[in-house]
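Novice:
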């Protein structure tokens, strides 16, 4: 196939291998996929969240900038940026004594209720498992049913939860981005919600 450029041999090889290949490329299913509409939903901090975020920024600045100048430890810088990103999900992920109220979760719950009331179903992704746990608490308070999946879920239970969502058990499926970005075939949802942007846009796109 490579040396003689025989197209017929390539087609025959593809047909022989097809029964053993369990993946589908985007090109194979593109015509089956509906067009994607991207909506960026901006959530603003409450006044108290803004004050705490200002305090966190000051802490980060004092840690990364000394009298001798800027520190060059890239891992330390990345860790501090991650703290800022986690705060933007929920202040309690950085300050355990922070109130339960959270602007981002409130905005998500309003959206989730609206989707459920109108018969829609959504996959909900986050890169932070502890943030998903806080979201689950609030969903249970509002009596909104959901399925849940992260990397700690055993393989047997994982497929069971996928099958339950596919069969209509709940309007929401909460998934950690690392656990759900690959190897899942979820077609029952018509919305995908990313609660926080991922460092690698390709991983986010794969999950979507």
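Numbering (the numbering used here), first residue to last: 11 to 218. Even glycine gets a Cβ: it sits at the ideal position worked out from N, Cα and C.
Assign residue 105 to one of three DSSP states: helix, strand, or coil.
Specialist: Three-state DSSP puts residue 105 in coil, outside helix and strand.
Novice: In terms of residue numbering, what span does the alpha helix (DSSP H) encompassing residue 63 cover?
Specialist: Its alpha helix (DSSP H) spans residues 57-74.
Novice: Have a look at residue 110 and residue 93 and give me their C-alpha separation to the nearest angstrom.
Specialist: Their backbone Cα atoms lie some 18 Å apart in a straight line.
Novice: Could you say which of 74, 168, 104, 68 lies nearest to residue 220 if we only look at CA atoms?
Specialist: As displayed, the chain neither begins before 11 nor continues past 218, which places residue 220 out of reach and without an answer.
Novice: Using DSSP bridges, identify the partner residues of residue 186.
Specialist: In the DSSP output, where bridge partners are listed per residue, residue 186 has 136.
Novice: Give the range of the beta strand (DSSP E) segment to which residue 86 is assigned.
Specialist: Not the beta strand (DSSP E): residue 86 falls in the alpha helix (DSSP H), residues 84-99.
Novice: Identify the continuous alpha helix (DSSP H) that holds residue 21 and give its terminal residues.
Specialist: Its alpha helix (DSSP H) spans residues 17-27.
Novice: Residue 213 lies in the beta strand (DSSP E); which residues open and close that run?
Specialist: That residue, residue 213, is in no beta strand (DSSP E); its alpha helix (DSSP H) goes 211-217.
Novice: Please identify the residue among 207, 62, 89 whose C-alpha is closest to the C-alpha of residue 136.
Specialist: Closest option to residue 136, Cα to Cα, is 207.
Novice: Figure out for me which residue from 127, 196, 17, 125 has the closest Cα to the Cα of residue 159.
Specialist: Of the listed residues, the one whose Cα sits closest to residue 159 is 196.
Novice: For the alpha helix (DSSP H) containing residue 172, name the first residue and the last one.
Specialist: Element bounds for residue 172: 165-176.
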